[in-house]
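Residue numbers (my numbering): 1 to 309.
Even for Gly, the Cβ is constructed at its ideal location relative to N, Cα and C.
On a predicted model such as this, the values are computed, not experimentally measured, just so you know.
To start, the structure under review is shown below, and the notes come after it.
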Amino acid sequence: MLEDFAPASVERASGERFSGHESFACRYGWLPKFYDLLVRRPDLIRHDEEVMVALGIGRNMVKSVRFWAQAFGLMDDSPRMPPAPTVFAQWLLDPQRGEDPYLEDVGSLWLLHWRLAATANLAAWEVAFFEIPEREILRRFLLQRVERHAVELEKKLSATTIRQHVDIFLSCYATPLVTQGQTVEESLGCPLQELGLVRLSPAGDRDELIEFARGPWRHLSPITFLRILLDYWQLRAPHDKTIAVRALLTDFGSPGLTLRLDEGSLWQLLQATEKVSGGIVQLTDSIERRAVVLQAADVQRAKAAIKYA
């Protein structure tokens with residue numbers, strides 16, 4: 001539903017975050033366990049000791065787990081109200097009625113990536129996905145771009161804060177090299193690594209080359225993309241019945257940029273999406289422009305028709 005999103009995030013946001021995740025990327029098992037606790041005992045969520053015991057995690061991880069639950073759009077933590085799962089969280093993670101309670105379907109990971117990149121206002125994500133057109137970039141150059149981003153937003157941040165923020169971004173997507181002396185827990189990866197969006201390789205002079213992979217993605221299904229498309233529609237133009245394919249490809253916060261799709265792979269995916277939509281969306285292809293037309297009365301009814309939050 002609309003309240004699960006932060007509409008300002010589809011434009012350059014002054015409230016972008018460079019911290020809050022502590023030193024931990026989101027790990028396997030965290031989100032389902034946290035959702036279970038959030039539903040059963042919302043009164044415990046703001047108490048570090050209780051969360052630590054309930055989830056079986058270290059004290060230094062508690063703030064990180066809460067951060068990721070909010071960043072993925074799974075928890076509403078308004079100061080004046082008790083913490084509660086969002087409609088999206090219930091749709092995805094509810095043990096009885098949820099679409100994928102244990103995040104076993106890669107489509108769920110695409111949805112989580114989409115919400116994280118497009119709606120969480122995380123600076124490194126916005127720089128990497130929406131401002132860097134290159135397919136390859138050195139790690140130090142990504143650091144410089146994020147530092148420049150902070151200056152443009154008039155944020156006074158230490159080099160350590162920015163470095164940790166970039167490190168966490170890369171830890172979320174790139175499979176890490178397990179170093180000698182790491183514990184099993186420390187070597188556990190983030191589920192988003194399964195998407196294959198980012199690859200790291202040594203680049204000499206103690207630097208690393210970051211490669212941003214591009215679609216088409218064999219494991220991005222048309223129904224998952226339809227959900228992302230309707231999310232974006234609700235964020236960007238909830239009262240419009242038509243969106244240009246060019247906007248879906250290149251606009252800040254668009255599915256094309258978030259999912260690293262080129263024009264050809266986006267159009268192919270839209271064609272497949274039209275076929276599985278049950279008439280909810282229809283493509284138009286003219287000399288003037290290509291566009292997607294919403295056939296439902298509005299976006300919310302379109303979401304209801306496919307039983308999506």
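Own chain residues within Cβ distance below 8 Å of residue i, not counting five before or after
| i | result |
| --- | --- |
| V184 | Reliability fails at V184, whose pLDDT of 44 lies under 50, so the model's placement of it is uncertain and the value that follows must be treated cautiously. None. |
| L197 | H113, Y173, F212, A213 and R260 |
| E136 | L209, I210, E211 and F212 |
| D48 | R59, V62 and K63 |
Helix, strand or coil at residue i according to DSSP, with G and I counted as helix
| i | result |
| --- | --- |
| R97 | coil |
| V293 | strand |
| W197 | Checking the sequence shown, residue 197 turns out to be Leu, not Trp. Coil, per DSSP. |
| D76 | strand |
| D298 | coil |
| S284 | In the sequence on display, residue 284 carries Thr and not Ser. T284 falls in the strand class under three-state DSSP. |
| E185 | Only weak support exists for where E185 lies, its pLDDT of 49 falling under 50; the value from the coordinates is given anyway. Note: E185 maps to helix in three-state DSSP. |
| R40 | helix |
| R163 | helix |
| A203 | coil |
| P85 | strand |
| Q66 | Correcting the residue identity first, residue 66 is Arg in this sequence and not Gln. DSSP places R66 in helix when its eight states are reduced to three. |
| R260 | coil |
| E3 | Below a pLDDT of 50, predicted positions are generally treated as unreliable, and E3, at 39, falls in that range; the measurement from the model is reported next regardless. Of the three classes helix, strand and coil, the one that applies to E3 here is helix, per DSSP. |
| R27 | coil |
Span separating the alpha-carbon of residue i from that of residue j
| i | j | result |
| --- | --- | --- |
| A118 | I287 | 30 Å |
| W233 | V299 | 7 Å |
| A84 | P42 | 7 Å |
| V281 | Q271 | 10 Å |
| G253 | G98 | 27 Å |
| I45 | V51 | 6 Å |
| Q90 | R301 | 18 Å |
| P327 | V53 | Past the boundaries of the shown model lies residue 327; the chain is included only from 1 to 309, so the question cannot be answered. |
| Y173 | T258 | 13 Å |
| K63 | Y28 | 16 Å |
| V276 | P95 | 26 Å |
| T175 | R199 | 7 Å |
| A305 | A296 | 9 Å |
| P255 | L249 | 7 Å |
| E130 | F141 | Here residue 130 turns out to be Phe, not Glu, going by the sequence shown. Distance between the alpha carbons of F130 and F141: 15 Å. |
Close beta carbons around residue i, own chain, < 6 Å, minus the five adjacent residues each side
| i | result |
| --- | --- |
| L55 | K33 |
| A124 | V146, H165, V166 and F169 |
| A309 | V87, F88 and W91 |
| R59 | M52 |
Same chain, Cβ closer than 7 Å to residue i, neighbours up to 5 away in sequence not counted
| i | result |
| --- | --- |
| T86 | D4, G73, L74, M75 and D76 |
| R139 | D207, E208 and I210 |
| A291 | T242, I243, A244, V245 and T284 |
| T273 | P222, F225, L226, L229 and V281 |
| F24 | M61 and S64 |
N- and C-terminal bounds of the alpha helix (DSSP H) containing residue i
| i | result |
| --- | --- |
| E50 | D48 to L55 |
(message) Report the start-end ranges of each alpha helix (DSSP H) in the segment 206-252 that is 4 residues or longer and not cut off at the edges.
(response) 222-236 and 245-250
(request) Write down every uninterrupted run of the alpha helix (DSSP H) in the segment 89-150 whose length is 4 residues or greater and which is fully enclosed by it, in chain order. (result) 106-119 and 123-126
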